[in-house]
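Each protein sequence line maps, in turn, to chains A and B.
Each step along the first sequence adds one to the number in my numbering, with nothing skipped, and position 260 is 261.
Each step along the second sequence adds one to the number in my numbering, with nothing skipped, and position 212 is 213.
The next block holds one structure in the form of structure tokens; read it before the comments.
Number of protein chains: 2
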Amino acid sequence: MTTPLPRSFAQALGGFASGADTPRDFLERCIEEIEARDPEVKAFTAISLEAARAAADASTVRWHEGNPLSAIDGMPVGIKDVIETSDMPTQMGSELFEGWSPGYDSASVHALREAGAIIVGKTVTTEFAATRPGPTCNPHDLTRTPGGSSSGSAAAVGSGMLSGALGTQVVGSIIRPSSYCGAYGYKPSLGGINRGGSHDYMSQSCQGVLAATLEDTWQIAIEIVQRAGGDPGQTGLIGPAVLPDAKMPETLAFLETPGWEAATSHAREAMERALASLRKAGIKILTRKDSAAVAEVEEILGETLPLTRKINAWESRWPLNTYVDRDVTKLSKGMVDRLHEAEAMTVDSYRENIARRAAIRAIYARLGQQVDACVTLSAPDVAPVGLESTGNPVFAVPASLLGVPALSLPLARIGALPLGIQAIGFLDADADLFATAGSLIEAIGSIQLG
Amino acid sequence: MTTPLPRSFAQALGGFASGADTPRDFLERCIEEIEARDPEVKAFTAISLEAARAAADASTVRWHEGNPLSAIDGMPVGIKDVIETSDMPTQMGSELFEGWSPGYDSASVHALREAGAIIVGKTVTTEFAATRPGPTCNPHDLTRTPGGSSSGSAAAVGSGMLSGALGTQVVGSIIRPSSYCGAYGYKPSLGGINRGGSHDYMSQSCQGVLAATLEDTWQIAIEIVQRAGGDPGQTGLIGPAVLPDAKMPETLAFLETPGWEAATSHAREAMERALASLRKAGIKILTRKDSAAVAEVEEILGETLPLTRKINAWESRWPLNTYVDRDVTKLSKGMVDRLHEAEAMTVDSYRENIARRAAIRAIYARLGQQVDACVTLSAPDVAPVGLESTGNPVFAVPASLLGVPALSLPLARIGALPLGIQAIGFLDADADLFATAGSLIEAIGSIQLG
């Protein structure tokens, strides 16, 4: 088994029940870590200590009385700063929204509060969850990017400042920073977690979870969905009230994805070791070399990044056009360029793009008849040096375009730096993916290289 | 042919091109009507005359130079006050949002501006586009409701204060007020017009158009969609750049819907006359008595109102819960009751409801193999007396639950009061419905009763 990150919340519940520990004490340990690390990591845009302490005290009373609101009652969490909160501004990594607040909570934040979770702070996002980085550094090496766009959420969880955090992904914004920062990262099936009150409007946008353990990850997601559902009209995440039992898969597909070409030798070696462990555990691994179905999927995955970029550009036309009207000087050049790209497109070309996406999704879905899940890397390498880019999303984008669930499992390290192994599932079978992931964690253990 | 409403914009284009009329003059005629009528009709929450005049002058120059931006360049329009505008507050019929502005335009409003339309003002909505009425009166009889929730949009268009307006519908909020106020009303297929920046989050929510003529209705919708698309991930309204040519249908279904029981004898007579005209024009009309497919659809339509209410209640859990947290005293009792109803529901019961909805939609879709469109009333009667209720949505809710396009055609009058004949189409075949509606208008003409 891998060593759990310091702030596993599920593992603290026994102490809360026995009285040996309390949510308030748990929060204070998080605050200690935040005070020690955040001045250099810069994961937060806002922290609400007074409200957090009051909420933790209320949670402590509930646990003492044996009436916690849920299995995440008292969990300290962070909220990516594109998701609205009533008590802290929502600034979206943009000067245009400096100090801005809508005055209310998003659906997910409200659900977290209902479940007793402690909203500690807002976490840094790239500008509008797109490209321009915020100030956050990688907690494992401050000269490196934490990844993006859920930069602060990944850094806060990966460093043990928090047990969990909300993120969003439309290209690689949960899986990539989770990989770089050593957090568990979960991008659900499309519509799995209600996006109401989150500024992520695109058709591939998902709200997801970054957390210290697989158990914490599931618990945050399921507690939200029980209270807020998925996106309107969608079934939302379906599964048991606690983490599904680990279930050994019979067959997995190893997907190189277009990322394999970009992967470093260390990263490839980490993946090869993971595959060797899985084979040793008796799991059959299909690859492009021995399976026509896998080869067909590999073929179409080459389209996922350029197609995603075209779809996202059109879907960003609004609100970027109204942001530009408001004050173009407060937008990055990248955002303005994206708008110009979008304005050169037509709705007809967009229709062709989403039709192609639907065809790609259908091809991938057929693979589900042959394998329990797919595995690949979460990123082509550990976090790169430099804060000017949030890294390469190439391994994360397939699940985004496909609309299927993905988990980044922090099982590998190259030197002191984490690298995620990614498990990708099938539409609306998120609970099955968690069950498979439980077995992968057991079978792979921890991989140390370099 | 029915007499067009006074503010038909399409019919003014010839004058703009020849120089006999200008968009600024057209706007001034609207303003004259607004100044004469709105003090008593109360259709607007905000009017931006200075900006409207400046925009109309710019449009006048473009027409003069022979370079209009679109066929709605210069059209004076109103925006339902749940849809965001950069230059006027968005108050959603709620004290909670008094004076509130997000600082930017919705996707549709931005598209209208790109097309040269003149955003004259914000129009009254019921509280959060739900039940509690605003102050608007029916322009044809001030003692009567204009219908809701797109109350101000319908009253402004029906009285000739504007050529067109945006509305939204999740139950009956476009079709019903269009019927009561004598406007054309169009609720598109699900996702047909981009809802970005509109506070209508529910899975049946649609943004739609109310206008003076069928031609204006189509033009507003298609100009928006060419610039902003449909909802992200949807194809959006597909069709020609100008109103599709009228096309005589071979077969229509007359649907009584659960509304027939509630319809007054005058309203029934209006429908019977319309059906007689259609038969006389050579169209075959199927009814529940002579078609098993129609009978099956009639059977399931009985479920549409209660099922819609259950789905909407769950989907209103957020944001109502965060509104209540903010200030419960600023919400109506009806809104708070709806939240309590929603909080007693589970996500599992919601899943059952949307599964049932999907089954109902599939049954309706099969009827599309036998008929070109369906016809029925838009409301069980003319606008009822009193402003405390916006009337019965029973005839409008089927298309809302089915997710299919619907048009209210202002073809009947009982005394001086309008009543709509409704045409209902099939998913994403909105252009076909407009083509059929063109023929229905010709065949039915105007019906005067009482």
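Think of the CB as a built atom: it goes at the ideal place given N, C-alpha and C, for glycine as much as any other residue.
Fair warning: this is a prediction, and the values are worked out from it, not measured in the lab.
{"Item": "Anticipated Cβ contact below 8 Å, B:G456 with B:D82, distance rounded", "Value": "A question about residue 456 of chain B goes unanswered here, because the residues of chain B that appear run from 2 up to 451."}
{"Item": "Interface residues of chain A facing B:M203 [CB-CB closer than 7 Å]", "Value": "P233"}
{"Item": "Contact with chain A by B:I194, beta-carbon distance below 8 Å", "Value": "no"}
{"Item": "C-alpha gap between A:A213 and A:A72, whole angstroms", "Value": "15 Å"}
{"Item": "Chain A contact for B:A363 (CB, 8 Å cutoff)", "Value": "no"}
{"Item": "Distance between beta carbons of A:F45 and A:G452, contact taken as under 8 Å", "Value": "In this structure chain A extends from 2 to 451, so residue 452 of chain A is not present and cannot be described."}
{"Item": "Minimum Cβ-Cβ distance from B:I80 to chain A less than 8 Å", "Value": "no"}
{"Item": "Of the listed residues A:L428, A:D26, A:V125, nearest to A:S150 (C-alpha basis)", "Value": "A:V125"}
{"Item": "6 Å Cβ shell around B:A418 - same chain, five flanking residues per side excluded", "Value": "For the sequence presented, residue 418 of chain B should be read as Leu rather than Ala. So the qualifying residues of the chain are H141, V383."}
{"Item": "Interface positions of the region 69-98 of chain B facing chain A (Cβ-Cβ less than 8 Å), listed along the chain", "Value": "S87"}
{"Item": "Start-end ranges of the alpha helix (DSSP H) lying completely within the region 66-117 of chain B, minimum 4 residues", "Value": "108-115"}
{"Item": "Proximal residues to B:P394 (C-beta, below 6 Å), its chain only, five neighbours per side dropped", "Value": "V172, G173, R177"}
{"Item": "Chain B within 8 Å of A:A222, Cβ atoms only", "Value": "no"}
{"Item": "Cβ-based burial, B:G20 [other Cβ within 10 Å; buried from 16]", "Value": "exposed"}
{"Item": "Contacting residues, own chain, Cβ-Cβ under 8 Å from B:E41 (five flanking each side not counted)", "Value": "C138, L143"}
{"Item": "CB contact below 8 Å: A:V226 versus chain B", "Value": "yes"}
{"Item": "Bounding residues of the alpha helix (DSSP H) (the contiguous stretch that carries B:Y365)", "Value": "348-368"}
{"Item": "Extent of the continuous alpha helix (DSSP H) run through B:G159", "Value": "152-159"}
{"Item": "C-alpha distance - A:R352 paired with B:V405, whole-angstrom precision", "Value": "19 Å"}
{"Item": "Simplified DSSP state of A:G260, which is helix, strand or coil", "Value": "helix"}
{"Item": "Proximity below 8 Å, CB of B:P381 to CB of B:R145", "Value": "no"}
{"Item": "Test: B:A108 CB closer than 8 Å to a CB of chain A", "Value": "yes"}
{"Item": "Spatial distance of B:R357 from B:G161 (CA atoms)", "Value": "41 Å"}
{"Item": "Minimum Cβ-Cβ distance from B:V210 to chain A less than 8 Å", "Value": "no"}
{"Item": "Residues of the region 286-317 of chain A whose Cβ lies closer than 9 Å to any Cβ of chain B, in chain order", "Value": "I312, W315, E316"}
{"Item": "Proximity test, Cβ basis, 8 Å: A:I355 and chain B", "Value": "yes"}
{"Item": "Cβ-Cβ separation, B:R310 to B:D299 (assumed contact under 8 Å), whole Å", "Value": "First, the amino acid is wrong: residue 299 of chain B is Glu here, not Asp. Not confirmed; about 20 Å, so no contact."}
{"Item": "Interface flag, A:T236 vs chain B, CB-CB below 8 Å", "Value": "yes"}
{"Item": "Segment contact flag, the region 428-438 of chain A with the region 261-275 of chain A, C-beta cutoff 8 Å, min 3 pairs", "Value": "no"}
{"Item": "Contact under 8 Å by Cβ, A:I442 with A:L410", "Value": "yes"}
{"Item": "Contact set between the region 101-128 of chain B and chain A, restricted to residues whose Cβ is under 9 Å from the partner", "Value": "W101, P103, G104, Y105, D106, S107, A108, S109, V110, H111, A112, R114, E115"}
{"Item": "Buried/exposed call for B:G260, threshold 16 Cβ in 10 Å", "Value": "buried"}
{"Item": "Straight-line gap, A:R114 to B:L302 (C-alpha atoms, nearest Å)", "Value": "39 Å"}
{"Item": "From A:D291, A:E342, A:V295, residue whose alpha carbon lies closest to that of A:I312", "Value": "A:E342"}
{"Item": "Min CB distance B:A432 to chain A below 8 Å", "Value": "no"}
{"Item": "Neighbourhood of B:R8 by C-beta, 7 Å cutoff - its chain only, sequence neighbours within 5 removed", "Value": "C31, G161, L163, S164, A213"}
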